[in-house]
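Chemist:
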Amino acid sequence: MKNVHSIDPAVTKMLEIARKQGMETAWDRYLAQKPQCGFGELGICCRNCNMGPCRIDPFGEGPQKGVCGATADTIVARNLLRMIAAGASAHSDHGRDVVETLRGVGTGEAKDYTIKDEKKLMTLCKEFNITTEDKSIHEIAQELGEAALEEFGTQKGYIQTIERVPLQRKEIWKNLGIIPRGIDREIVESLHRTHMGVDHDPASLILHGLRCSLSDGWGGSMLATEFSDVLFGTPRPIRGQCNLGVIREDAVNIVVHGHEPVLSEMLVEAVQDPELEALAKKNGASGINLVGMCCTGNEILMRHGIPSAGNFLHQELAVMTGAIEAMVVDVQCIMPSLAQLASCYHTKFISTSPKAKFPGALHIQFEEHHALDVAREIVRQAIENYPHRNKSRVFIPKETAEYVGGFSVEAILEALGGTWTPLIEAIKSKKIRGIAALVGCNNPKVTHDYNHVNMTKALIAQDVLVVETGCAAIASAKAGLLLPETAQLAGSGLASVCRTLGIPPVLHMGSCVDISRILVMAAAIAKELGVDIADLPIAGAAPEWMSEKAVSIGAYVVASGIFTVLGTVPPVLGSKTVTEILTQKAKYLVGGYFAVEPDPFKAAELIINHIDEKRAALGI
Ligand code: SF4
Ligand code: MSK
């Protein structure tokens with residue numbers, strides 16, 4: 001699709017407002033960047049030392065080596081490894097914060113948090129070999145928190161959650177030497193290897209990239225998910241509303257944007273404080289309206305049905321409605337443009353993380369030991385800002401869509417009646433042809449939501465059950481695809497399964513770190529069938545990805561044995577060797593491999609062909 005910014009009518013309306021008001025957006029800045037640097041696009045520029053920056057001439061006429069002698073293969077592989085390391089570090093540091101919060105509950109420091117899923121706490125204790133007899137819940141939480149923190153720098157040679165992987169997969173990783181030895185260790189080693197004068201072999205660099213990414217998917221991200229469930233509850237199916245229309249003209253609107261539920265969960269609690277509700281009314285509002293955005297939005301959507309104002313490219317548009325009293329952010333995927341944009345309206349742009357500061361923002365530091373007080377202060381700031389709203393500048397698009405979210409692995413198992421058998425039988429009988437995981441961001445290089453929505457529709461029409469997280473899931477929510485009624489768009493086999501179980505053909509499994517839920521589900525099905533994950537009729541896709549986290553995700557999904565289609569081109573084409581490893585040789589090494597296909601219909605076909613190949617190999 002050409003020359004259209006978005007398929008979402010709410011976005012189109014807001015871009016018209018932006019044009020009228022002379023406000024710039026990511027789409028404008030993307031166009032201003034064009035043509036983007038060809039060296040960067042191909043991944044063949046290096047500034048890893050001060051003999052550079054160096055670049056390789058892609059046409060073979062100019063320099064073919066950096067000052068140190070590094071070739072295009074080395075430079076591309078090093079750059080890719082650095083992207084993986086950055087992505088893995090973001091997810092894993094998020095995981096660390098959640099684990100620290102659980103430990104804080106145990107020690108009594110994080111006094112405003114409680115344990116909402118005791119059953120999961122106990123299950124994790126078993127997994128981490130922690131005895132629970134004669135211990136208080138607080139002692140257990142502290143001990144489990146400490147054991148999980150060990151995973152970041154463990155000395156035992158591998159991370160604990162690797163035990164969840166089917167034996168066949170573990171053997172593959174062992175033979176390749178890519179079992180992650182510690183979450184932080186693999187990230188640190190990535191930076192060491194890519195320092196000037198260390199690892200120069202593209203295959204060696206990429207293999208370490210897989211190892212580093214596994215420390216994210218099966219490590220940091222998985223801890224983030226599991227420990228969030230313990231603290232805030234394991235999601236169960238829940239209905240809610242999505243898109244910019246969830247912003248209310250008569251209420252104090254607070255958008256919480258970013259990733260970590262430790263902040264958003266406290267805001268959920270603070271907005272229910274009767275004193276603050278009364279203050280909102282005193283200031284002329286009907287109440288307080290908390291809405292989410294991006295993945296922190298997904299966290300509270302999954303657990304509380306809090307409305308989501310949209311995905312990644314909605315963040316600037318929400319401010320432009322003129323009806324946002326506070327845009328509250330923590331970490332990741334937050335455009336720095338928000339600070340200046342907010343200053344053009346009455347909106348308070350509030351940063352909260354000591355790790356993520358923004359010139360022009362109001363910084364109210366979020367601290368776990370008095371989390372609720374900080375959350376209340378943020379809400380108070382928003383309420384007191386309500387009278388400053390310029391009503392003549394308010395424009396809120398009407399678009400909203402209903403969704404059902406909250407499909408944790410536990411919730412899916414419950415819907416199946418407690419065992420994987422009904423799902424496996426449906427796959428065997430081809431009612432469900434296979435499973436595709438659609439994940440990842442938006443990117444102004446691609447018509448917003450176009451790939452997500454069309455690929456999802458094309459897959460369910462062919463009886464492929466689609467599981468989604470992150471901004472991909474929000475795209476489907478806005479398009480009305482996360483409803484049981486959507487079964488009518490599915491093939492007859494998938495539709496009949498959905499009707500029997502009362503589930504949508506597209507399951508919202510959570511935020512970006514919750515891709516670990518998809519790994520857990522894949523591992524469970526593989527174990528049940530006695531095969532490797534790579535043998536399953538499943539595939540992954542990141543149709544509109546943009547972030548380094550998505551690079552780490554793609555790498556760990558492939559390393560877990562799953563074929564993955566990317567909708568935007570990664571910066572690797574400057575090296576034939578690296579491109580071949582990722583798109584061909586990886587298949588023989590780890591079972592999974594990458595394909596790049598910007599057309600969502602062709603991408604869906606690639607996935608269906610792959611699923612059919614796997615079905616044939618399994619003899620089903
Ligand atoms: Fe150039 Fe080599 Fe230094 Fe990179 S590491 S900037 S290629 S000299
Ligand atoms: S928020 S990483 S834009 S999915 Fe997780 Fe969305 Fe991508 Fe951020």
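Residue numbers (this note's numbering): 1 to 620. Backbone N, C-alpha and C define an ideal beta-carbon position, used for all residues, glycine too.
Roughly how many whole angstroms lie between the Cα atoms of Asp514 and Thr225?
Modeler: Those two C-alpha atoms are separated by around 6 Å.
Chemist: Suppose you measure from the CA of Phe232 to the CA of Arg47; what does that come to, to the nearest Å?
Modeler: 43 Å
Chemist: Touch check for the region 477-489 and the region 520-539: three-plus C-beta pairs under 8 Å?
Modeler: no
Chemist: Beta-carbon distances below 5 Å to any heavy atom of the ligand SF4 define the shell here; list its residues in chain order, please.
Modeler: A residue is listed when its beta-carbon falls short of 5 Å from at least one non-hydrogen atom of the ligand SF4; in chain order these are Cys46, Asn48, Cys49, Met51, Gly52, Cys54, Gly66, Val67, Cys68, Ala70, Met196.
Chemist: Can you round the beta-carbon distance between Asn243 and Gly310 to whole angstroms, since I take them to be within the 8 Å contact cut?
Modeler: 6 Å
Chemist: Once DSSP output is grouped into helix, strand and coil, what is the label at His5?
Modeler: coil
Chemist: Rounded to the nearest angstrom, what separates Thr74 and Arg169 at their Cα positions?
Modeler: 28 Å
Chemist: Rounded to a whole number of angstroms, what is the C-alpha to C-alpha distance between Asp612 and Gly245?
Modeler: 40 Å
Chemist: Answer yes or no: the CB of Asn442 versus the heavy atoms of the ligand MSK, is any distance below 8 Å?
Modeler: yes
Chemist: Can you tell me where the alpha helix (DSSP H) holding Met293 begins and where it ends?
Modeler: First-last for Met293: 288-293, but that is the beta strand (DSSP E), not the alpha helix (DSSP H).
Chemist: Between Leu481, Ala141, Leu566, which has its C-alpha nearest Val596's C-alpha?
Modeler: Distance check between Val596 and each of Leu481, Ala141, Leu566 places Leu566 closest, using alpha-carbon atoms only.
Chemist: Does the region 30-41 come close enough to the region 149-160 that 3 or more CB-CB pairs lie under 8 Å?
Modeler: no
Chemist: For Ile581, which residues of its own chain have a beta-carbon under 7 Å away from its beta-carbon, when the five flanking residues on both sides are left out?
Modeler: Pro202, Ala203, Ile206
Chemist: Helix, strand or coil for Tyr403 per DSSP?
Modeler: strand
Chemist: Check this for me: beta carbons of His508 and Ala473, under 9 Å apart or not?
Modeler: yes
Chemist: Could you give the distance in angstroms between the alpha-carbon of Arg103 and the alpha-carbon of Phe366?
Modeler: 17 Å
Chemist: What residues match up with Ser351 in a beta bridge as DSSP calls it?
Modeler: Val329, His363
Chemist: Looking at Trp545 and the ligand MSK, is the gap between the Cβ and the nearest heavy atom below 8 Å?
Modeler: Checking the Cβ of Trp545 against the ligand MSK gives yes.
Chemist: Using a threshold of 9 Å, state whether the C-beta atoms of Arg433 and Val453 are closer than that.
Modeler: No, they are not a contact pair.
Chemist: Can you give me the Cβ contacts of Met302 inside the same chain, cut-off strictly under 6 Å, excluding the 5 residues immediately before and after it?
Modeler: Pro235, Gly405, Gly406, Gly510
Chemist: Starting from Gln160, trace the alpha helix (DSSP H) in both directions and tell me its first and last residue.
Modeler: Element bounds for Gln160: n/a, residue is neither H nor E.
Chemist: How would you label Tyr450, buried or exposed, when you count the other beta carbons within 10 angstroms and need 16 or more for buried?
Modeler: buried
Chemist: Once the 5 residues before and after Glu189 are set aside, which same chain residues still bring their CB inside 6 Å of it?
Modeler: none
Chemist: Which first and last residues belong to the alpha helix (DSSP H) in which Phe227 is found?
Modeler: Looking at the DSSP string, the run of the alpha helix (DSSP H) that includes Phe227 is 221-232.
Chemist: Smallest Cα separation from Ile7: which of Asn50, His314, Pro53?
Modeler: His314
Chemist: Take Ala415 and list the residues in its own chain whose beta-carbon comes closer than 6 Å to its own, dropping the five residues that flank it on each side.
Modeler: Leu501, Ile503
Chemist: Under 8 Å, with one C-beta from each stretch per pair, do the region 134-145 and the region 158-165 reach the 3-pair mark?
Modeler: These segments do not touch.
Chemist: Check each candidate in Lys585, Asp599, Ile254 and name the one with the smallest Cα separation from Tyr593.
Modeler: Lys585
Chemist: If you compare alpha carbons, which of Gly491, Glu468, Asp532, Pro543 is closest to Arg517?
Modeler: Distances from the CA of Arg517 to each of Gly491, Glu468, Asp532, Pro543 were compared; the closest alpha carbon is that of Glu468.
Chemist: Let me check one thing: in DSSP terms, what residues is Leu465 bridge-paired to?
Modeler: Ile435
Chemist: Closer than 8 Å to a non-hydrogen atom of the ligand MSK - does that hold for the CB of Ala617?
Modeler: no
Chemist: What do you reckon, are the CB atoms on Ser221 and Gly106 nearer than 9 Å?
Modeler: no
Chemist: Report back the beta-carbon spacing between Asn443 and Met293 to the nearest angstrom; my notes put them in contact at under 8 Å.
Modeler: Rounded, the Cβ-Cβ distance is 16 Å, inconsistent with contact.
Chemist: Give me, in chain order, the residues of the same chain whose beta-carbon lies closer than 7 Å to that of Ala251; leave out the 5 immediate sequence neighbours on both sides.
Modeler: Ala285, Ser286, Gly287, Ile288, Asn289
Chemist: So, does the region 259-268 touch the region 318-331, judging by three or more C-beta pairs under 8 Å?
Modeler: Taking a contact to require three or more Cβ pairs closer than 8 Å, the region 259-268 and the region 318-331 qualify as touching.
Chemist: DSSP beta-bridge partners for Thr564?
Modeler: Gly540, Phe594
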